[in-house]
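Below you'll find the structure, written out as structure tokens, and then a few comments.
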Amino acid sequence: MAVPKNAIPSLSECLCRICVEILIEPVTLPCNHTLCNPCFQSTVEKASLCCPFCRRRVSSWTRYHTRRNSLVNMELWELIQKHYPKECKLRVSGQESEEI
Numbered sequence: 012m013a014v015p016k017n018a019i020p021s022l023s024e025c026l027c028r029i030c031v032e033i034l035i036e037p038v039t040l041p042c043n044h045t046l047c048n049p050c051f052q053s054t055v056e057k058a059s060l061c062c063p064f065c066r067r068r069v070s071s072w073t074r075y076h077t078r079r080n081s082l083v084n085m086e087l088w089e090l091i092q093k094h095y096p097k098e099c100k101l102r103v104s105g106q107e108s109e110e111i
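Below you can see the structure in the form of structure tokens.
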């Protein structure tokens, strides 16, 4: 997900395309596809090591960023938390948001 620096992303831009929930600790792959960390863990890291959208292999990238603890796109994560704190809190606590 590419959002200009000063732009406020819409809620729909902040949803994971796999679980359709707010992006929690978003992981932006080298192909620029973004998914939430829980979906990344279950679909990419533990399964195919490919992007679930375009099937690009991300095994080397995943190992590199896992070792450096830099998988999460912190800039995007901070932006989402800043603009959608209620939705983030609900998702982290395991509750569903009616607005999404």
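Counting from 1 along the sequence shown, just add 11 to a position and that's the residue number in our numbering. Cβ coordinates follow ideal geometry from the N, Cα and C atoms, glycine included.
Burial check for T77: the Cβ neighbour count within 10 Å stays below 16, so the residue is exposed. Counting every other CB atom within 10 Å of its CB across the protein chains shown gives I19 a total below 16, marking it as exposed. In terms of CA proximity to C47, V31 leads the group A58, L101, V31, S81. Between R102 and I29, the CB-CB gap reaches or exceeds 7 Å. Segment contact: the stretch 65 to 79 against the stretch 34 to 44, three or more CB-CB distances shorter than 8 Å; contact assigned. Between W88 and P49, the gap from beta carbon to beta carbon reaches 7 Å or more. Contact annotation: C62 and L40 have beta-carbon atoms nearer than 7 Å. As summarised for the stretch 19 to 91, the continuous alpha helix (DSSP H) elements at least 4 residues long and confined to that stretch are 70 to 78, given in chain order. Take the alpha-carbon of H94 and the one of G105: they are about 19 Å apart. C-alpha of I91 to C-alpha of A58: approximately 27 Å in a straight line.
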